[in-house]
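Residue numbers (my numbering), protein chains in the order written: chain A, 95 to 259; chain B, 95 to 259; chain C, 95 to 259; chain D, 95 to 259.
Even for Gly, the Cβ is constructed at its ideal location relative to N, Cα and C.
What you are looking at is a predicted structure, and each value in this text was computed from that prediction instead of being measured.
Below, the structure is given as structure tokens:
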């Protein structure tokens, strides 16, 4: 998962003395635009070509509060892409990536200047290729992480059984 | 469904010339606080009692873009309440309630000054009663609306069959 | 002075438990757009004509803190207009207009689609006329208020002298 | 002048396709907090001591528009300090510090938990010392920059006169 750093700002807090929940949605955007840039898709360049990419849906689960002064890392993964719509998954974590503060996702489409939905698969072949490559890479990484977690968990169980003997 | 009016502000737009998607999450909050106030729960009063109500999760589906100058109505309904957590459903609609721009939901818990989760059912009996009453009323209304929609749909089918004869 | 109502939102607070100072600048905008609308200039209509009105400068003096749950009134007055630039003065007050929370001002220019500065005096005669009328009315009102304040102050001094005798 | 980097975010733009003017006020805050941190004053630490530092006034002059995708540098200088109030000056510049997009300033006071104004000079001697040191350094730097600019300007005039001969 690609990670993006964000320093929590005073103006992002509310009177509960935590970051206002709407700001995580903004952080997802920061991290997503950075992710795309690193993958070869400039958002500025995309809009110059007359294409915008509205948010179709967004969701967030807040697990632990983030406070002013924290530096967080937003991990982004391409979760799905069907030639038309794009889905990203996010995790907001602490600096050392140990704690997960928030998990979320967002889906996006592509619209031309006439306001018509366009399919990258057919009409933006350069983006389509990049999306396909990112999806493959991110999902393979996800699979590897899952396997590693299962292996660690199995090893731990084995150790526990050994100790009990 | 209770409805709350919001005039779309210039500072809520982004360079896509639509309202930035994070602002709908803020509108949900505006409407939710207004809903609770009308139901007899003042947010200011709640915090004076040393209780805060963090957002546990939020989601939004963006169906149609809202623009600067629009006046929207945010419809709020209590969707679930289990004595501990509260869930609200939202619809952002146009002034005449004809078009749905956005559908969303949010869940909330209650925390005391020590940072401990508290259950309104046991520790905030006045809120608990209000929540129970609101939930009953809103869900009954939802049921009635569903039945009315089914009736309208059945009548329409009947009319169509009549006309075809 | 024209007054515009704004209910202070939870998301407008920061962890100092007051409204974040940047939001007053947004309220000025809300109130200014409302003022222009009431005067016959729709901001949506202006942008449809290909004209935007960027902010050239802004300032605010924070006298008293505003908190969540407060309902404020933002009073707007056209303070200057020289055919090219427009200046507004603002006061954020409490509901009954008794306390002044914040005083501010902002200046604005007009730019066409080519990005060129345009003078309403020469190129937007309908706006020019409205601006001139608003300026006259607002400045006359300001003068009257000043005189009334001086009269009240003089009367008070007179009363004080009477009482001392 | 100390400089702080900020990457312009999509959510900071408005439908004029530039950064909304209220966000510069937020950038001033980002840069100011960073400046204080580098000078030895942690804002988090200050609030833990029961002290908050509200904004007393703010102003900004917008000279050139900043757009999404730009990386700006916010230059901060301590402009005045009288033992009670603190004033900062800001310049928002491009990455190479060549263009000035915006100039601004802000003043701040210090308030304890009882809500009473406190003078760092008498009650926060560690902060007072830091403020005095920063002010001296920043104002000396300002003086040097002014002299350098005058020298460059004088040299340029001299060269022009030479060339005219």
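C-beta atoms of residue i and residue j nearer than 8 Å
i, j, result
"residue 200(C)", "residue 151(C)", "yes"
"residue 194(B)", "residue 181(B)", "no"
"residue 102(B)", "residue 167(B)", "no"
Nearest neighbour of residue i, chosen from the options [CA to CA]
i, options, result
"residue 140(D)", "247(D), 204(D), 248(D) and 230(D)", "204(D)"
"residue 183(A)", "236(A), 109(A), 131(A) and 242(A)", "236(A)"
"residue 226(C)", "178(C), 96(C) and 157(C)", "178(C)"
"residue 219(D)", "135(D), 142(D) and 110(D)", "135(D)"
"residue 196(D)", "247(D), 171(D) and 118(D)", "118(D)"
"residue 173(B)", "143(B), 107(B), 198(B) and 187(B)", "198(B)"
"residue 147(B)", "210(B), 230(B) and 239(B)", "210(B)"
"residue 163(B)", "155(C), 129(C) and 137(C)", "137(C)"
"residue 100(D)", "111(D), 122(D), 112(D) and 158(D)", "122(D)"
"residue 111(D)", "159(D), 223(D), 129(D) and 153(D)", "159(D)"
"residue 176(D)", "113(D), 222(D), 129(D) and 241(D)", "222(D)"
"residue 202(C)", "258(C), 153(C) and 238(C)", "153(C)"
"residue 132(D)", "113(D), 157(D), 228(D) and 149(D)", "228(D)"
"residue 128(C)", "96(C), 142(C) and 254(C)", "96(C)"
"residue 224(A)", "251(A), 250(A), 130(A) and 240(A)", "130(A)"
"residue 156(C)", "149(C), 142(C) and 113(C)", "113(C)"
Nearest-angstrom Cβ-Cβ length linking residue i and residue j, presumed shorter than 8 Å
i, j, result
"residue 120(B)", "residue 105(C)", "5 Å"
"residue 170(C)", "residue 213(C)", "Between residue 213(C) and residue 170(C) the Cβ distance is about 23 Å, and since that is not below 8 Å, they are no contact."
"residue 109(D)", "residue 109(B)", "7 Å"
"residue 192(A)", "residue 165(A)", "About 13 Å; that fails the 8 Å criterion."
"residue 144(C)", "residue 244(C)", "With a Cβ gap of about 46 Å, residue 144(C) and residue 244(C) do not count as contacting."
Bridge-paired residues (DSSP) for residue i
i, result
"residue 198(A)", "154(A) and 184(A)"
"residue 174(C)", "181(C)"
"residue 105(B)", "Paired residue(s): none; residue 105(B) is not in a bridge."
"residue 211(A)", "205(A)"
"residue 99(D)", "167(D)"
"residue 149(A)", "202(A)"
"residue 160(D)", "Answer is none; residue 160(D) lacks a bridge partner."
"residue 113(B)", "107(B)"
Chain-ordered residues of the segment 131-147 of chain D with a beta carbon less than 8 Å from chain A
136, 137 and 138
task: Note down, in chain order, all residues in the segment 154-177 of chain C with a beta-carbon under 7 Å from any beta-carbon belonging to chain A.
output: 162
Quiz prompt | Against chain C: residues of the segment 107-126 of chain B by CB proximity under 8 Å | solution = 120, 123 and 124
For this session: Could you please tell me which residues of the segment 184-204 of chain A, in chain order, have their CB closer than 9 Å to any CB of chain C?
Result: none
Against chain C, which members of the segment 206-218 of chain B pass a CB distance test of less than 8 Å? none
What are the residues in the segment 96-107 of chain B lying within 7 Å of chain C by C-beta distance?
103, 104 and 105
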